[in-house]
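Engineer: Below you'll find the structure I mean.
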Amino acid sequence: MASPNLKNYLTVSQAAKFLGVSPNTLRNWDKAGKLKAYRQPISGYRLYQKSELARSLKRLAKGKRLPVGYLSARRLRAKI
41 MASPNLKNYL
51 TVSQAAKFLG
61 VSPNTLRNWD
71 KAGKLKAYRQ
81 PISGYRLYQK
91 SELARSLKRL
101 AKGKRLPVGY
111 LSARRLRAKI
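All letters in the sequence shown, in the order written, are residues 41 to 120 by my numbering.
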């Protein structure tokens, strides 16, 4: 595979912020085949194509799977 134009790609942390999910969620989606990541040949780091992320964000906005915020255990206990 030819090297991509890196300006069209985001790192795991950048992509996670873009989608509003955690980096581990992105890694899990990659393992499950839900979101394709490009692997840098030398480092093995995942890179996500901006256009693919934009399509995923549209799917999230349509309600197919929305990222859910979470409460810390302390805040959750305070509400109980």
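Cβ atoms here follow ideal geometry from the backbone N, Cα and C, with glycine treated the same way.
Please read these numbers as outputs of a predicted model, since none were measured by experiment.
What three-state label does DSSP hand L50 in the structure shown?
Structural biologist: The count along the sequence shown starts at 1 and reaches residue 50 at position 10. Here L50 sits in strand by DSSP.
Engineer: Using a C-beta cutoff of 8 Å, does S83 count as contacting chain D?
Structural biologist: Here chain D cannot be found, since the structure has a single protein chain.
Engineer: Taking a contact to mean a Cβ-Cβ separation below 8 Å, would you say L66 touches A55 in this structure?
Structural biologist: The sequence position of residue 66 within the sequence shown is 26, counting from 1. The sequence position of residue 55 within the sequence shown is 15, counting from 1. In this structure, A55 lies closer than 8 Å to L66 by Cβ.
Engineer: What is the C-beta distance between L50 and L87, in whole angstroms, given that I count them as a contact (C-beta under 8 Å)?
Structural biologist: Numbered from 1 along the sequence shown, position 10 holds the residue referred to as residue 50. Numbered from 1 along the sequence shown, position 47 holds the residue referred to as residue 87. About 7 Å separates the two Cβ atoms, so the contact holds.
Engineer: Under three-state DSSP, which class holds L75?
Structural biologist: Mapped onto the sequence shown, residue 75 falls at position 35. Here L75 sits in coil by DSSP.
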